[in-house]
Structure formats: structure tokens, C-alpha cells
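Same order as they appear, the protein sequences are chains P and H.
Our numbering numbers the first residue of the first sequence as 21 and each following residue consecutively.
Our numbering numbers the first residue of the second sequence as 21 and each following residue consecutively.
C-beta atoms are modelled at their ideal positions from N, C-alpha and C, and glycine is treated no differently.
These figures come from a predicted structure and were not determined experimentally.
2 protein chains.
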Amino acid sequence: LSELGELAIVEHIRKSFPTSHPSVLRGIGDDAAAVRGRTGTPLLLTVDLLIEGVHFDLDTTGARDLGWKALAVNLSDIAAMGGTPRYALLALGLPASLTEGFLRDFLRGFSQAARTHDTELIGGDTSSAPVVFIAVAVGGDAPPSGGIGRGGARPGDGVFVSGYPGMSALGLAVLKSGRPRGKADARWIRSHLTPRPQIALGRQLARKKLATAMIDCSDGLALDLARIAAASGVGMEIDAASVSFPRGFEARARSLKRDPLDLALGGGEDYELIFTSPSRKWGEVERLGRRLRTRIRRIGTVTRKSAGVTIRTGKGRVRNLAPFGYEHFR
Amino acid sequence: LSELGELAIVEHIRKSFPTSHPSVLRGIGDDAAAVRGRTGTPLLLTVDLLIEGVHFDLDTTGARDLGWKALAVNLSDIAAMGGTPRYALLALGLPASLTEGFLRDFLRGFSQAARTHDTELIGGDTSSAPVVFIAVAVGGDAPPSGGIGRGGARPGDGVFVSGYPGMSALGLAVLKSGRPRGKADARWIRSHLTPRPQIALGRQLARKKLATAMIDCSDGLALDLARIAAASGVGMEIDAASVSFPRGFEARARSLKRDPLDLALGGGEDYELIFTSPSRKWGEVERLGRRLRTRIRRIGTVTRKSAGVTIRTGKGRVRNLAPFGYEHFR
Chain P
21 LSELGELAIV
31 EHIRKSFPTS
41 HPSVLRGIGD
51 DAAAVRGRTG
61 TPLLLTVDLL
71 IEGVHFDLDT
81 TGARDLGWKA
91 LAVNLSDIAA
101 MGGTPRYALL
111 ALGLPASLTE
121 GFLRDFLRGF
131 SQAARTHDTE
141 LIGGDTSSAP
151 VVFIAVAVGG
161 DAPPSGGIGR
171 GGARPGDGVF
181 VSGYPGMSAL
191 GLAVLKSGRP
201 RGKADARWIR
211 SHLTPRPQIA
221 LGRQLARKKL
231 ATAMIDCSDG
241 LALDLARIAA
251 ASGVGMEIDA
261 ASVSFPRGFE
271 ARARSLKRDP
281 LDLALGGGED
291 YELIFTSPSR
301 KWGEVERLGR
311 RLRTRIRRIG
321 TVTRKSAGVT
331 IRTGKGRVRN
341 LAPFGYEHFR
Chain H
21 LSELGELAIV
31 EHIRKSFPTS
41 HPSVLRGIGD
51 DAAAVRGRTG
61 TPLLLTVDLL
71 IEGVHFDLDT
81 TGARDLGWKA
91 LAVNLSDIAA
101 MGGTPRYALL
111 ALGLPASLTE
121 GFLRDFLRGF
131 SQAARTHDTE
141 LIGGDTSSAP
151 VVFIAVAVGG
161 DAPPSGGIGR
171 GGARPGDGVF
181 VSGYPGMSAL
191 GLAVLKSGRP
201 RGKADARWIR
211 SHLTPRPQIA
221 LGRQLARKKL
231 ATAMIDCSDG
241 LALDLARIAA
251 ASGVGMEIDA
261 ASVSFPRGFE
271 ARARSLKRDP
281 LDLALGGGED
291 YELIFTSPSR
301 KWGEVERLGR
311 RLRTRIRRIG
321 TVTRKSAGVT
331 IRTGKGRVRN
341 LAPFGYEHFR
């Protein structure tokens, strides 16, 4: 599988299941799957894996934060469809050597994320396992359309992102350095360990029909932008100068010998929303951000040619933005 | 966790999530969770784990059979609620060293089970992992009640089981012996590697309101009977003589130094249905079995006292039936 790579594996899976029943409003390839009941509101379904040694290490991630994150990353997939999460299933494989305290703390964090986001755990499975394996499935109400997919971006649309992509990657770098500087680093670390899914933003973008395509920023801005571009058959021109950073971010990144822009473009695990929106709606997008007190930046434009994503750097140079970021099996 | 045990872990999880929204028709503690959309048919949701070295070994399980089984065990959970499976999500963690052929065969088996049972894969997740790690979530239509739970057995009800519990355990024993005897052993091995979920039976029992409680036999007859008894607050008296075996089963079990009755009571992974039914409906249960060409045996009676499950052996002796079977973390 190392020769195949994750994208090819997903493509492999997609090709193995070609038919799509009319009741499946969103199937393989979006952040969550939407199904229409015989009548009534469509339900969104999604599942995500968190595996020890792959997605997290127990020496940098506490059990409680892990519980929070296990649910939050799934809620983010529902948010990226413009839906409202409602139900969760938790499948948990745990080494028998772990303590009861670990389980308790994990469930406390999971439960806290569930309460915060009005989501109810309604089932699951447990098993012994050689390392900690977590699979969470979430069901939620979809917008009437079935949700905002990745394939709707149109030339001329603006490319928007919420929050500050890169904060989670800086938090991880700080944790790995083994020398966090107390309060000053707490913001980056929190962003990495207990990400906040942008559920209200996603839902409002769907309700007001402001976004033509949307994805959550889980594998790095560059890779997730490339996914929208590929699914929509368009290109994108990103303006590096519009990718901004919170106070103290750039200095801290450099102190760890990391390039701030690289952290933003390739870091991943931010669980912010990336979306495209036609120019006549930009004013409304801005007002929505203010009302939700959520930072929303326009960082580029959708272009006609399907030549992928380019980035314009400070000196007016344009280069291809390679879709780097986290890819499994490589 | 080895001190806690699986049942306590599930109880722990249940207690961490005490509230139940009125729309949750079946939550933690049944084979699948049922939720009512704002209007329309309730949807069943379930998730199950299959972990290499815990649930299967790659030297006794081929990739294609594994793919079939990964979906089948989840479909069985839907069957045990009396529901109709419709959608599946597949979360797959795989060692990077596996071949593409493994993936292809796995997906072929999964896809075959999906087609056979009218279930559509609508999403999922993939990741690298230290061992093969599979989590499948399935959604399905529930009966109007939300499904047949474990808690409805009443004193005087008959205890029924479909098929021949123990065949899967005999199949595993044959595989582990390393000396399968061709055609003669094929039936037991098939039962272990590619179990057939009893979807039509479960659905008909629900539609005709023939069952008061139901569970699928995944962890052994004794343990799964104890689960119905505990959830219903009743006892059960099982008649050992009514637990019957197919031709050749007993001789083959003994050739491997295994007790046939122990295989049936503690083997697990049969994915047959265990259910209770009031005496006025036994005739209809029998007719249903004939119509579906599915063997259904009455093996005991629900009793008033909540003293667990007892078994009456050949010589008229009655002993407690310890809820042995597969329990994780022990």
C-alpha cells in the first residue's frame, strides 16, 4: 500500500462501489454522507479514525483531550457539509494495560465535546487492541440539499478560510519540542489538542446559501484547497499575503525553525472551514463572520483553468502550490 | 482495563452518557441504535470493530472473506433489531506493508456482502495502522417501534434460536488445527469465515410482532442469553437436549477434543438470532421458519426469577449456565 498512497486507496474504494441509490444525497468523496429517509430531513453520516502512533501519541496527548478531539474531528466533517450534528457512535479499541483512569478521562473529554455541541452518543463497540484505536461515526441533520460538497466552486468565486490555519501545527511543534512556554504557548497547544469545530459557521453558510463548495481544513490548507479544485474542475490563485497570523505566531514558529507560511499551508488538523463564495455574496459572508465573532479571510480566487492551485508570494511571483500535507501510507 | 473487563467498560460508557433525547428510540445497550428523523422512518445506526490479532488472524482469514465478514457482522446487528440495512461506512486502518491485492480482495468481499444484502457503502475513512483495523458503521430502516431490543422478554415466553450455534466455533477450531478435511469441513469453515446475517428472519419477526426480545449470537449462546435475561430482568431455563447439531458436527468436534455443547454455548460468531416469543405465537414462528427455510429451535423458557440462566442436562440435573463466551480485555 505504500506504493499506492491514500488518494489511490480511496479512489480504489470508490470504484469498488460505483452505484448510487437516489436516496444517497452525498456518498463517498465528501466529508460526510447524506441520506434521505423515506420522508423527512436528510441525515448526514460520517466516520473518522484516530490511531495511536499515527494520529496522536499518548506522550503529547492526554486522555481527556483525546476524547474531545475524537468527537470534534467528526463534528467538523458535519460542519463542513453545513449540517447539524445529532448522534455519535463510538468504537474503541484499547490495550488491556491501560488504566480505568485513562478510560474515564477519555469519556469525560468525549462527553464534554458532545454536550458542547448538542450531540448524543447512541451506541458503539469496544474491543481490546494492540494500540489505542478510535473510530467515531456521527449522524446529523443535513441542509435540504444534502449539504455543501467539494465540487461546486465556480471561476470568479472567492476562496475563504475561517480562523488561522497553522495554529494546530505550531501547537504540535511546541509539544514535540518538549519546552512549552506556559501561557504564551497555551493558545497553539489548545488549538492542536482541543480543536473547535465550526458548526455554527457551516450551518449558517448553508442556510444562507453563501458557499458553493466547502471542506474542513484537516490535512493542511494546500491539500484541502487542491481537493476542492480537483472536485470542482477549477483552478485557484492564492495570495500569500492574505494568509495572516495571530500575534506571536510568526516569532514562535521561527524560534522552532519553522516557516510560518509552511505551517499554515501544510500543517493540517486546524478544523477550520475552507469555502468558496460568489462575489455578490462576499458582503454577507463578512457580516456573518462578524455576527459569529469568527475570523473569515478571503485568501484567493477560483480560476477557470483546471491547472491546480497557484500561490502569489510577496514579490509578485506565482508558483504552483504542491498539495502537500498529511497523506497516509506514504 | 484488564481488571475492569468489557461489560464494566460498556457500563462505564453508558453511565457517562446518561441522557436520552426522545428521538433516540434505541440507544446504548442494544445491537444497533435507532433514531427518528424529524419525520419519517426511523434510521438504525450501528458500528463494529474487527482488529487483527483480536478478532481474526491473517493466516486463517483471507482478505476477501474478511471483507465479507466486516460488513456481515454489522448487518447482523441490524437484523437483530428487526431492521433492514441500507447504508454502510467503512473506516479502514491498514499496515503500509500490505499489498494492493489484499485491498482489492478485501473490497471485493465487502462489496459482495453489500450487494447480497442491498446495502450501499456511502462513506468512510482510511489510515495507515500498525495492524489491520476495521470499523464499519451501518444505517438501516427500523421497524416503526425503533426495533426489537433485549429488554422485552417475559416469563413464559419461549427461547428460540435460528440455525446451529457452534458451527462457527468448530470452523475456527478446524482452521487452527491446520488440517481441514476438504469438503467435509467446508461447512464449518464457511460458517466461520463468511457468516450469513439473518436479515429476512429478523425483519419478519419484527413485522409480525412475534419476538419480545432479540439479540444476535455473536459472543456465544450462553453470554448472549445472559444479556437478554439481564436486560429483561428475568431468568431462563435452557434444555440441553434441544440444542441440536447438524450431521457430522459432534464427531468432528470430538476429533478435535472439543465438547459439542461447549462449542454451541460458548463459541460465538454464529450471527444467528436468539429471540423470545410468547406461547400463543409459537405456531406462527414455526411457520415463518418453514417459509424462510431457516431452522428455528425452541431451546428453553423464560422464567420469573431474575437468577440468570440455568441449563437442564440429559440426566435431569439443572446447573447454572455461566455466561462464558468471548469477553474483551480479560
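Task: Cβ-Cβ distance between E304(H) and L230(H) below 8 Å - done: yes
Open item on the list: Need the endpoints of the alpha helix (DSSP H) that D244(H) sits in, please.
Closed with: 241-252
Task: Cβ neighbours of P215(H) in the same chain (closer than 8 Å, five flanking residues each side left out) - done: K89, A92, V93, S96, S188, E289, D290, Y291
- [ ] Return no unless some Cβ of chain H is closer than 8 Å to the Cβ of V74(P).
- [x] Contact of V74(P) with chain H is assigned, a C-beta pair being separated by under 8 Å.
Open item on the list: Once the 5 residues before and after K351(P) are set aside, which same chain residues still bring their CB inside 6 Å of it?
Closed with: Because residue 351(P) is not part of the residues shown, which for chain P are 21 to 350, the question remains open.
- [ ] Let me know the secondary structure DSSP gives G287(H) once reduced to three states.
- [x] coil
Task: Straight-line Cα distance separating L283(P) from D79(P) - done: Going by the C-alpha atoms only, they are around 22 Å apart.
Open item on the list: I'd like to know whether the C-beta of F269(H) is nearer than 8 Å to at least one C-beta of chain P.
Closed with: no
Task: Bounding residues of the beta strand (DSSP E) (the contiguous stretch that carries I209(P)) - done: Run containing I209(P): none in the beta strand (DSSP E); it sits in the alpha helix (DSSP H), 202-213.
- [ ] Use the C-beta contact count for P163(H): other C-beta atoms within 10 angstroms, 16 or more gives buried, fewer gives exposed.
- [x] Result: buried.
TODO: Please confirm if the stretch 155-170 of chain P is in contact with the stretch 96-111 of chain P, defined as three or more CB-CB distances below 8 Å between the two stretches.
DONE: yes
Task: G144(H) versus L64(P), K196(P), V181(P), residue with shortest Cα-Cα distance - done: L64(P)
Open item on the list: Check for me: the beta strand (DSSP E) holding A71(H) runs from which residue to which?
Closed with: Looking at the sequence shown, residue 71(H) is not Ala but Ile. Element bounds for I71(H): 63-71.
Task: CB of A260(H) within 8 Å of CB of G334(H), strictly - done: Inclusion of A260(H) and G334(H) in the CB contact set at 8 Å is warranted, their separation being smaller than that value.
Task: DSSP beta-bridge partners of V194(P) - done: Its beta-bridge partners do not exist; DSSP assigns none.
Open item on the list: Distance check for T66(H) and K277(P), CA to CA, integer angstroms please.
Closed with: 46 Å
- [ ] For D68(P), return the contacting residues in chain H, with the cut-off set at a CB-CB distance below 8 Å.
- [x] Simply A111, D145.
Task: Residues of its chain near G328(P), where Cβ-Cβ distance is below 7 Å and the 5 sequence neighbours each way are ignored - done: A246, A249, G255, N340
Open item on the list: Give me, in chain order, the residues of the same chain whose beta-carbon lies closer than 6 Å to that of G186(P); leave out the 5 immediate sequence neighbours on both sides.
Closed with: L283, A284, G287
- [ ] Just grab the DSSP bridge partners of M256(H) for me.
- [x] V322(H), V329(H)
Task: Identified DSSP bridge partners for S262(H) - done: BP columns for S262(H) are empty, so no partner.
Open item on the list: Count Cβ pairs between the stretch 167-184 of chain P and the stretch 120-140 of chain P that sit closer than 8 Å; are there 3 or more?
Closed with: no
Open item on the list: Going by DSSP, what residue range makes up the alpha helix (DSSP H) through V181(H)?
Closed with: That residue, V181(H), is in no alpha helix (DSSP H); its beta strand (DSSP E) goes 178-182.
- [ ] To the nearest angstrom, report how far apart S117(P) and R124(P) are at their CA atoms.
- [x] Going by the C-alpha atoms only, they are around 14 Å apart.
TODO: Can you tell me which of the three DSSP states R317(H) falls into?
DONE: In the structure shown, the three-state DSSP call for R317(H) is strand.
- [ ] Pull up the DSSP beta-bridge partners for I294(P), would you.
- [x] According to DSSP, I294(P) bridges with V181(P), I235(P).
Task: Burial state of T119(H), where buried means 16 or more other Cβ atoms lie within 10 Å - done: exposed
Task: 8 Å Cβ shell around L312(P) - same chain, five flanking residues per side excluded - done: If the five residues before and after L312(P) are omitted, its C-beta is found closer than 8 Å to the C-beta atoms of A220, L221, Q224, all from its own chain and listed in chain order.
Task: Nearest candidate by alpha-carbon position, reference A271(P), set T321(P), L141(P), V194(P) - done: V194(P)
Task: Alpha-carbon to alpha-carbon, L70(P) and L86(P) - done: Rounded to whole angstroms, L86(P) to L70(P) spans 9 Å at the Cα level.
Task: the stretch 149-162 of chain P: positions lying closer than 7 Å to chain H by Cβ - done: A149, P150, V151, F153, A155, A157, G159
- [ ] Note down, one range per segment and in chain order, each alpha helix (DSSP H) of at least 4 residues found wholly within the stretch 129-171 of chain P.
- [x] none
Open item on the list: Here's the rule: buried if 16 or more other CB atoms are within 10 angstroms of the residue's CB, otherwise exposed. What is V338(H)?
Closed with: Exposed, by the Cβ-count rule.
Open item on the list: For I142(P), would you say it is in contact with chain H, using Cβ-to-Cβ distances shorter than 8 Å as the test?
Closed with: Among the residues facing chain H, I142(P) is included, as its CB has a counterpart in that chain under 8 Å away.
TODO: Could you name the residues of chain A that L95(P) contacts, counting a contact when the two beta carbons are closer than 9 Å?
DONE: The chain inventory of the structure shown lacks chain A, comprising the protein chains P and H.
- [ ] Using beta-carbon positions only, say whether V152(P) and L114(P) come within less than 8 Å of one another.
- [x] yes
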